[in-house]
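Numbering (my numbering), first residue to last: 37 to 434. One structure is given here, and the rest of the page talks about it.
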């Protein structure tokens with residue numbers, strides 16, 4: 037039997053969300069297709085944070101590194117960005133043409149970050165017309181107007197018409213209609229396929245065992261605070277710790293788990309870890325999905341993976357969206373808050389008092405009623421399985 041090669045593109049550099057999703061999808065596809073192999077092209081530091089499945093390798097794209105002692109002018113920084121984008125563009129083109137994949141799955145950025153994969157995708161299509169191209173669209177990307185303008189500038193709408201065979205949407209139309217938000221042309225809409233939210237397989241969880249592992253009391257409510265990779269999560273956790281202390285006035289036996297994330301700066305990690313107590317543990321990394329399943333309430337930032345994993349456990353959730361020029365996390369948090377599935381605290385309103393109030397709401401929610409509400413709005417979190425079934429129209433049966 038002939039080996040089928042899949043090429044996945046995940047554009048992570050600072051975070052871990054896109055590469056986590058790519059690996060979740062790769063695992064599912066490789067189980068379904070024992071004769072397939074997968075390569076993931078990414079800027080993410082995969083080797084230090086993930087274990088690759090069998091028959092899967094990655095192509096490490098270089099990130100631009102700048103020593104903290106070096107100060108660049110705006111023009112110098114822009115020139116360096118363009119230079120590294122050009123390097124990645126050449127690497128992607130050579131890798132794509134050399135691998136000659138049966139299918140290419142591009143995550144989040146339809147033509148790669150800043151269009152860095154555009155030349156490679158079109159060159160591959162010209163050289164290997166049998167290759168199939170699928171775009172994996174995370175439902176909420178950013179302000180819709182900004183995305184429309186960016187896609188127009190990069191030529192994304194033309195790629196939807198003439199390059200891509202399918203567009204897999206990682207979400208549900210009842211929550212967010214991407215065709216309306218991003219002005220998908222009528223001629224392209226038949227290519228849209230909603231797969232639902234892509235969440236990695238839930239780990240086995242014994243709530244008592246989880247507490248014992250971390251030296252926490254077995255009784256009382258457990259609150260988990262997580263900030264994903266942690267690269268910019270310090271202000272959130274700095275406010276969470278005193279908020280948990282305030283909560284103990286209402287919940288004297290409350291215990292807490294605070295996970296800083298592997299990419300938080302070392303000095304910030306150390307400052308938080310120094311505040312560990314007998315009832316609240318601060319750790320640099322842990323299986324947060326497993327901890328979510330053992331928790332009674334969850335606080336997280338608003339990234340796709342963190343939020344979807346938390347929602348899949350049907351635990352009440354408090355979200356502090358990331359504050360950047362992108363508003364994706366704020367849109368997601370506000371949308372879920374409006375549906376009664378979460379509380380949202382914007383970074384500019386972040387303080388221990390507000391956090392304690394929101395977490396009290398989460399701890400006082402009726403678990404069964406909250407779970408019913410969750411499943412009414414989001415029926416399932418099996419997006420990786422649905423995506424694999426969708427891709428079978430091009431990959432066929434193994």
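For each residue, glycine too, the CB sits at the ideal point set by N, CA and C.
In the same chain as residue 373, and ignoring 5 residues on each side of it, the C-beta atoms closer than 8 Å to its own belong to 355, 379 and 380, in chain order.
Of the candidates 171, 414, 387 and 135, the residue whose Cα lies closest to the Cα of residue 73 is 135.
When secondary structure is reduced to three states using DSSP, residue 136 falls in the coil class, being assigned neither helix nor strand. By the Cβ neighbour-count rule, residue 223 is exposed, with fewer than 16 other Cβ atoms within 10 Å of its own.
In the DSSP assignment, residue 92 is bridged to 74. Using a Cβ distance threshold of 7 Å, residue 339 and residue 296 do not count as a contacting pair.
When beta bridges are read from the DSSP output, residue 418 appears opposite 234.
Taken through DSSP and simplified to helix, strand or coil, residue 105 comes out as coil.
Sequence-distant Cβ neighbours of residue 120 in its own chain, meaning closer than 7 Å and more than five residues away, are 98 and 100. Residue 382 is bridged by DSSP to nothing; it lacks a bridge partner. Annotated as proximal: residue 203 and residue 173, with beta-carbon spacing under 7 Å.
Out of 193, 122, 369 and 432, the CA that lies nearest to the CA of residue 215 is found in 193.
Annotation for residue 376: no alpha helix (DSSP H) segment contains it, and DSSP assigns it neither H nor E. Under the DSSP assignment, residue 168 falls outside any alpha helix (DSSP H), being part of the beta strand (DSSP E) whose first and last residues are 168 to 174. Around the C-beta of residue 118, fewer than 16 other C-beta atoms lie within 10 Å, and the residue is accordingly described as exposed. Assignment of beta strand (DSSP E) within the stretch 197 to 223, counting only whole runs of 3 or more residues, yields 202 to 206 in chain order. Around residue 397, the same chain offers 379 as residues with beta carbons nearer than 6 Å, after the five sequence neighbours per side are excluded. Across the structure, residue 80 and residue 391 are spaced so that their CA atoms are roughly 31 Å apart. Only buried fits residue 292, as 16 or more other CB atoms lie within 10 angstroms of its CB. With fewer than 16 other Cβ atoms from the protein chains shown falling within 10 Å of its own Cβ, residue 106 counts as exposed. With respect to the 7 Å criterion, residue 256 and residue 213 are not classified as neighbours on the basis of their beta carbons. Shortest Cα-Cα distance from residue 93 to any of 59, 116, 115 and 110 involves 59.
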